[in-house]
Amino acid sequence: MSKKIEKIQFICEDEVAEVWSKSLINGTDLKQKIEIIKGPFPDGTLIEMANSKHPIFKTTNFILDGDAKENHKKRKIPRTAFLPGIRYPEKVLFDFVFKLDDNDSFWDNESNFTHQTCFGNFADKNHKKWFKDESNQRYFGRGCTKLFSRWKKDNKLEVDKFIEEINEIIK
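Position in the sequence shown (from 1) plus 63 gives the number in the working numbering.
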């Protein structure tokens, strides 16, 4: 009978942070070592947990959005990795896709998924609504795999930095 390997748990802010974190570790040995759990916690709550002296949080690890890194760069937050960028994930991804050339292979002109159709309803730049928009989700792939894979391909250094942060925590 094989013994189940206990994975090291990381808590992140929400579902978007969870799926992006899982995508970032996909294809690495971390996938076998860690478990990423979403919480309904704003970054302030996770930071309080990380800094708490309470014994329950001493072995808890955290993944925060990039905007938390920027907001708290004066003081290191223990057992914490940060998602790439200096904004929340939806904003990082919105900006990335928005900057893609109209002729980029990410777009699917045959299915009418173009820069215009992707952003046409989001002149207000509501990044969270844009990310969750059903018509966009259809082209981002199941679990946003197409979107995340493309971002990872163009941002290898940031992916490597995230992986390195996780590895430093679990040493």
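Virtual Cβ for every residue (Gly too), placed ideally from N, Cα, C.
Opening and closing residue of the beta strand (DSSP E) in which residue i lies
i	result
residue 143	143-145
residue 71	71-75
Range covered by the alpha helix (DSSP H) that runs through residue i
i	result
residue 110	106-114
residue 233	219-233
residue 53	The requested residue 53 is not part of the displayed model; the chain covers only 64 to 234.
Residue i (DSSP reduced to helix, strand or coil)
i	result
residue 125	strand
residue 185	coil
residue 101	strand
residue 169	coil
Contacting residues, own chain, Cβ-Cβ under 7 Å from residue i (five flanking each side not counted)
i	result
residue 204	210
Within-8 Å CB hit, residue i to chain D
i	result
residue 87	Here chain D cannot be found, since the structure has a single protein chain.
Residue of the options minimising C-alpha distance to residue i
i	options	result
residue 232	118, 101, 88 and 125	125
residue 116	140, 104, 129 and 97	140
Any non-hydrogen atom of the ligand COA closer than 7 Å to residue i Cβ
i	result
residue 169	The ligand COA is not part of the structure shown, which contains no ligands of any sort.
Sequence-distant residues of the same chain with beta carbon closer than 6 Å to residue i, five excluded per side
i	result
residue 110	140
residue 154	190
residue 228	144
Own chain residues within Cβ distance below 8 Å of residue i, not counting five before or after
i	result
residue 180	198
Query - Stretch pair the region 143-153 + the region 68-80: three plus CB contacts closer than 8 Å - result: yes
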